[in-house]
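Asker: Mind looking over this structure? Questions follow.
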Amino acid sequence: MTDSPRRPMPGTPSHKKARLDALASTAAPSGSSGGSAGGGVATAVSDAGRVASGEGVSLWMSAWRRLRRDWVFLFGAAIVVLFIVLAVVAPLIAPHDPATRVLIDQVNRQTNPVPGPQPGHPLGADYQGRDVLSRLMVGARQTLLVGVLATLGGLLGGMTLGTLAGAFGGWVDSVVMRVVDVLLSIPSLLMAFSIAAMFRSPSQWTVILAIAIVQVPVFARLLRGSMLAQRHSDHVLAARALGVRKGPIVFRHMLPNAMGPVIVQATLVLATAIIDAAALSFLGLGNPDDRSPEWGQMLGNAQPYFDSHPHLAVYPALCIIVVALGFTLVGESLRESLDPKSRR
Amino acid sequence: MSTPLLEVDDLSVRFTRQGQEPFTAVDKVTFNVAPGEVVGLVGESGCGKSVTSLAIMRLLARRGNQVTGSVRFAGTELLTLPDAAMRDKRGAELAMIFQDPLSSLNPVVPIGVQVSEVITRHRGENRAVAARQAAEMLDKVGIPDPTRRLKEYPHQLSGGMRQRALIAMALACEPRLLIADEPTTALDVTIQAQILALLTDLVEQSGTALIMITHDLGVVAGLCDGVNVLYGGRIVERAKRHPLFAEPRHPYTGGLLGSIPRLDGDRDARLFPIRGSVADNIPWDHACAFAPRCHQEGEKCRTVAPDLLPDEEARTDGGLRLLRCHYPLTAADRQRIEEGRA
Amino acid sequence: MSRYIVRRLLQAIVTLFVLSLLLFAWLRSLPGGPVSALLGERSTPEDRAALEQALGLDQPIFIQYLRFLERAAQGQFGVSTGVLPGRDALEIFLSRFPATIELSFFALTLAILLGIPLGYLAARHRGTFLDTGSVLFSLVGIAVPVFFLAFALKYVFAIQLGVLPPSGRQSVGINATHITGMYVLDGLLTREWDAAWDALRHLILPAVALSSIPFAVILRITRASVLEVLDEDYVRTAQAKGLRAATIRGRHVLRNALIPVVTTIGLQTGALLAGAVLTERVFTFRGVGHALAYGFETRDYAVLQVLIMMAALIYILVNMVVDIAYAAIDPRVRVR
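Chains as they are written, first to last, in this note's numbering: chain A, 11 to 354; chain B, 13 to 354; chain C, 166 to 501.
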């Protein structure tokens, strides 16, 4: 147990790296790489308590069995489900069109820049006279889109790099992973800022791209790590001994088993993507076109009014916090339930 | 033997973990240890032997573990002792060594500190004196060049040396009782023998009583005065060493003995293993937990829980034996097993 | 040990090399190419020609890279176009650096002083209200956008309650001598207590906002690490030795549990730099982050170039120091 994967590896200790590697090591089924095989008294004791739990249950089934009773997971999942439902149906149920300046008549730059709550507009309107409640509801869709696309982009990039490195091995592997490590060592938000600043005219797509690129090394290392963890696991050795070729082993045996950690990481990345999008908007690196609202953009654009009309920022901020918390709770409890080490 | 040093009475440990069925790991275990006596607790992993020892030392976490019964050490009840008083006893009067010497040593603290901290704690010696006594202790357990070793870290020692260091820590304050929990399992065979010899020597010299926890009957044969065989958290057979080996009465004990390959036997001899695993246990409530794995299973085994009773039919002389079985092994059964092996 | 340090140094050099390549690539891919990016829109043709010459844009790509390195080594990064037009980019960094060090120091200290004890307590009382509460609190801490937290703090404590200053590093009326550029330290060094106190009051809100993420991360790492160590066999050995609770906690639990925490703290300097961009912007706290924020906003690539490079450099250095400290705590690292 001295070299627990959770502890940063000496030489290249990095919290991010170590965390990813620990997560990756949960990939191999039945914890062949994670758990302590020593069978010390502690394990004997916990074994004794688990005699009844049986062995034939799959990793996902036992994870689900734990999650079903985990209120942290249920709470997070409820938030996520609500958010997704809102994103789907919002345009149908929103009282107003989010881009129409329904209350523009009331807006006066000097005396009344932000119309307050009134009948038909419970949260008031923004600085352009648009209904805030409707914008928040419809904003769920764009926010989800940014989060999902950025995560998917990072995942695809990472999967390509990680699989390439894993498949080719040798110097390709060394070079790719060295670059990945350096990228991981750059503060991710700072990197997102720098990438977004490369484009002369920012748009929704540059925001998504910037956040996605930052996540590429994260997923690359994760996949690479879980492939490594599995390379020596019994089922891969067995497949190789049976003469299965490399490609099928990677795609049929190794990738599916890496799905657990990847899903966990994707859930957590979704949360950060939404928060990072807000930070980009705040620095003027976000999407300038606000006809289809997004929460991070609403929050970023509310900054001139913060001292006088804080509610314009508070509403989208609360939405972001709740949704980010929801995804984080789901991701963390998923990770714990899939980690053979934490099953006690 | 004279008055017992340790009296364990109806000791039970229930695991009450969240989201799991309560599980009785140790079920009304009763046994005594006399001063200087070597007692074995034998069984497969999961039989409750380690939990018993941790319960005696009060090292089980309070959450999720319910300990009942009584453990008296030199007349003092340990289970109700205040934490501070228990800490004063641990390491000074009762000590324990564990299975895996590497993980049982703190990786970032030098060996010397780990030995001398027991001495400073219980004897109130200052650091210099404690360090000198620690060096003497390391010398006593056969670690060469002890003064230099004091400054080394666990990863710099070999497996056998680590276990020796752990023994040094446990015996540094000359405890009256030492509990050794599978002390040789993690070691190479040659080292195992050395460590066992060392333990025997030391407890004999100092008159320390020893509880030897093991799954290895070979260890028992070389060391123990009395043996308790545990199965499913209960003692199923108790006897002195010689009678137990000569005439195992419980089918489980017989199975344990039958699982050992013998050099003097025929090369074609089959092993007589116990079928199944601990996972096949059934609860003791209205049955014998061992029934599903037992070659002797009869009609009462799945309906009536056997009690631990004095075994009057045993023929080998050697004092009182206890047995928990409806259909104990007879000479004929043992003969059959022997023939099966041949 | 010395072999370990040498190896770690070599590693840092490789990292630096890769980083310089990335930065070079970044600069090359800026809109309109590096020349327009560095000089801004209102540049004279002569300036452009001169810079093109200096960057060696007519030369093969690896020569361009060498030129880039050469200029970086000489501190020639160009002139600011947006943040402080006309000022030398490196100079801007140097003048702003002490403020950010001061802010980061306070924020990190706060995060450590709160995060480690709370993480330890949460682990010791696993599953209790204290544990769930502090874990949830840290998760919320991560979910709150840093700049929103900064705004909220500013709104409540500076605007509504008026107990702390809303922006800046020191009140205008204060007569303070500046030696190091770290105003609290300066006040202490010159015994201008009122100046030190005033600077400290300006630091509180930004430091609290900036510490939120490192605090949350340190808390959770400490908790996870202590939980893992509490399960280790050697802790049980220590208990079996009858050691006092304080000895077990200090020598056996914390000394092991803090090893990953130390590494994490080093890595949090990165999060601090990114957070400083947002926090300093909200509080108009004129440090490196403030300059970076305006650099991004005005696309001042000359300034961005220096600041990003320096941020990365500092980050690599800090982590190298942390790694060496790590080897000092954990004897196992030295051998390998």
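Note that beta-carbon positions come from the ideal geometry of N, C-alpha and C, so glycine has one too.
#1: Under a CB-based cut-off of 8 Å, is L478/C close to chain A?
#2: Count the other C-beta atoms from every protein chain shown that fall within 10 angstroms of the C-beta of P127/A, then say buried if there are 16 or more, exposed otherwise.
#3: Please check if any C-beta of chain C sits within less than 8 Å of the C-beta of I103/B.
#4: What span of residues does the beta strand (DSSP E) with M264/A cover, start to end?
#5: Which first and last residues belong to the beta strand (DSSP E) in which N311/A is found?
#6: Q120/A: buried (16+ other C-beta within 10 angstroms of its C-beta) or exposed?
#7: Please state whether the Cβ-Cβ distance between P263/C and G197/C is less than 8 Å.
#8: Return no unless some Cβ of chain C is closer than 8 Å to the Cβ of M173/B.
#9: Any Cβ of chain A within less than 8 Å of the Cβ of G352/C?
#10: Kindly provide the ranges of any alpha helix (DSSP H) runs that are 4 or more residues long and lie completely inside the segment 52-86 of chain B, ordered along the chain.
#11: Could you work out which residue in S65/B, G270/B, S115/B is closest to A258/B when comparing CA atoms only?
#12: Leaving out five residues on either side along the sequence, give the residues of the same chain with a beta carbon under 6 Å from the beta carbon of I205/A.
#13: Against V192/A, what residues of chain C qualify as contacts under a CB-to-CB distance less than 8 Å, listed in chain order?
#14: Does the beta carbon of S204/A come closer than 8 Å to any beta carbon on chain C?
#15: Using a Cβ-Cβ cutoff of less than 8 Å, which residues in the same chain neighbour L23/B once the five nearest sequence positions on both sides are dropped?
#16: Have a look at the DSSP bridge pairing and note the partners of S24/B.
#17: Determine, using beta carbons only, whether D488/C comes closer than 8 Å to chain B.
#18: Taking CB distances under 8 Å as the criterion, tell me whether F209/A reaches chain C.
#19: Just mark I481/C as buried or exposed, buried being the case when its beta carbon has 16 or more other beta carbons within 10 Å.
#20: So, helix, strand or coil for Q128/A, using DSSP?
#21: On a CA-only basis, which of G288/B, R246/B, R336/B, L162/B is nearest R26/B? Give me that one, please.
#22: Output the distance between the C-alpha atoms of V156/A and A493/C, rounded to the nearest integer angstrom.
#23: Could you check where the alpha helix (DSSP H) with G336/A kicks off and where it finishes?
#24: For F271/C, I'd like the list of residues in its chain whose CB is within less than 7 Å of its CB, leaving aside the five on either flank, ordered along the chain.
#25: Would you say S343/A lies against chain C (beta-carbon separation less than 8 Å)?
#26: What is the DSSP secondary structure of K406/C, reduced to helix, strand or coil?
#27: Once the 5 residues before and after G247/C are set aside, which same chain residues still bring their CB inside 6 Å of it?
#28: Give a yes or no on whether 8 Å exceeds the smallest Cβ distance from A87/A to chain C.
#29: Could you run through the segment 291-315 of chain B and flag, in chain order, every residue whose CB is less than 7 Å away from some CB of chain C?
#30: Between the Cα of L222/B and those of A344/B, E311/B, L106/B, spot the shortest distance and give me the residue it belongs to.
#31: In this structure, does DSSP put N293/B in helix, strand or coil?
#32: Exposed or buried, what is E148/B when buried is set at 16 or more other beta-carbons lying within 10 Å of its beta-carbon?
#33: Do the segment 296-305 of chain A and the segment 247-258 of chain A touch if we need at least three Cβ pairs shorter than 8 Å?
#34: Locate the beta strand (DSSP E) running through D39/B, then write down its first and last residues.
#35: Between V300/C and R173/C, how many whole angstroms is the CB-CB distance? I'm expecting something under 8 Å.
#36: Look at the Cβ atom of I203/B, then the Cβ atom of G171/B, and state whether they are nearer than 8 Å.
Answerer: On the basis of the coordinates in this document:
#1: no
#2: exposed
#3: In the sequence as displayed, the identity of residue 103/B is Gly instead of Ile. So, interface residue.
#4: Neither: M264/A is in no beta strand (DSSP E) and is coded neither H nor E.
#5: DSSP places N311/A in no beta strand (DSSP E) but in the uninterrupted alpha helix (DSSP H) bounded by 305-311.
#6: Answer is exposed; the Cβ neighbour count stays below 16.
#7: no
#8: no
#9: no
#10: 61-68
#11: G270/B
#12: Result list for I205/A: A220, I223, in chain order.
#13: T180, V183, L184, L187
#14: yes
#15: These residues qualify, in order along the chain: V38, K40, V41, T42, T64, A67, I68, V79, T80, G81, S82, V83.
#16: T80/B
#17: no
#18: yes
#19: If you draw a 10 Å sphere on the C-beta of I481/C, you find 16 or more other C-beta atoms in it, and that means buried.
#20: strand
#21: R246/B
#22: 44 Å
#23: Element bounds for G336/A: 321-348.
#24: L368, A372
#25: no
#26: coil
#27: Cβ within range, chain order: T463, D465.
#28: no
#29: Hits within the stretch: zero.
#30: When each option's Cα is compared against that of L222/B, the closest is L106/B.
#31: coil
#32: exposed
#33: no
#34: Its beta strand (DSSP E) spans residues 35-45.
#35: Contact flag wrong, Cβ pair sits at about 33 Å.
#36: yes
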